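These protein sequences, in sequence, are chains A and B. Just so you know, the working numbering puts 132 at position 96 of the first sequence, and the rest follows in order with no gaps. Just so you know, the working numbering puts 90 at position 61 of the second sequence, and the rest follows in order with no gaps. Where a beta carbon is used, it is the ideal one built from N, C-alpha and C, also for glycine. Note that the structure is a prediction, hence the values are computed from the model and not measured. Written out below as structure tokens is the structure these notes cover.
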Amino acid sequence: KQEVTQIPAALSVPEGENLVLNCSFTDSAIYNLQWFRQDPGKGLTSLLLIQSSQREQTSGRLNASLDKSSGRSTLYIAASQPGDSATYLCAVIRGFGGTSYGKLTFGQGTILTVHP
Amino acid sequence: KAGVTQTPRYLIKTRGQQVTLSCSPISGHRSVSWYQQTPGQGLQFLFEYFSETQRNKGNFPGRFSGRQFSNSRSEMNVSTLELGDSALYLCASSWGQGNTEAFFGQGTRLTVV
């Protein structure tokens, strides 16, 4: 059974800091890994998708890496801003032989607070 | 392009009643998945539909059911509501094959009293 763990559970940083969020998963047979952010009471916003064959993806100030063999992914946020305050979730979708199973398994999330 | 639309946004129901939630995916997407989010359990997978067929199912009781229509719109039904069913219900759409990037709706907040 796939288990996804995110560390730390909460993080508070001053504006301008670079930070790293960690995600680990127990079953390396993943099809892809996706990072999301969630604002209170809202739905999830997709940030980055990393296919299992890729090592990293970048979008603006965000960079996500994937190491399937060790079951780890990191989300790097450069020059953090108060608007980055949200819960960040990573999720993996299991795959086998190039077919995904349509089910995302989520970590519990990291609550990020960036204070001015 | 339009995103994933969930209706209604908020619902208050009484124990024992049933409820139907609706999800309209992004145009062209054929896969719709449903998730339950609670403070204690986080995000838990309910089921996934692809081209009107349930392709995957989570560990929820049979009171939770769903269906998908030919236009890919999906509905989720919960019968005999319990207090513990109070949660944010989220649906996600994706192409379902190849590129499986999931896009979520804003959710339906269900409160059972």
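First and last residue of the uninterrupted beta strand (DSSP E) at Arg-84(B): 82-86
Members of the region 77-100 of chain B that neighbour chain A once the beta carbon cut-off is set at 8 angstroms: Glu-77, Phe-79, Arg-84, Asn-85, Gly-87
Nearest neighbour of Gln-70(A), chosen from His-151(A), Ala-45(A), Gln-93(A) [CA to CA]: Gln-93(A)
Rounded separation between Val-150(A) and Asp-120(A) - CA only: 7 angstroms
Contacting positions in the region 138-150 of chain A - beta carbon closer than 9 angstroms to chain B: Gly-138, Lys-139, Leu-140, Thr-141, Phe-142, Gly-143, Gln-144, Gly-145
Status (buried if at least 16 other CB within 10 Å, exposed otherwise) for Tyr-118(B): buried
Under 7 angstroms between C-beta atoms of Leu-57(A) and Leu-111(A): yes
For Ser-82(A) and Phe-132(B), believed in contact at Cβ under 8 angstroms, the rounded distance: 6 angstroms
Per-residue contacts from Tyr-124(A) into chain B (C-beta, under 7 angstroms): The premise fails here: Tyr-124(A) is roughly 13 angstroms from chain B at the closest Cβ pair, so nothing lies under 7 angstroms.
Pairwise C-alpha distance: Arg-44(B) and Ser-106(A): 46 angstroms
is_contact[Ile-129(A), chain B] using C-beta, thresh 7 angstroms: yes
Leu-110(B), DSSP secondary structure in three states: coil
Burial state of Gly-136(B), where buried means 16 or more other Cβ atoms lie within 10 Å: buried
Close beta carbons around Thr-62(A), own chain, < 7 angstroms, minus the five adjacent residues each side: Gln-38, Glu-39, Gly-107
The region 47-55 of chain B in contact with the region 68-78 of chain B per 3-pair CB rule at 8 angstroms: no
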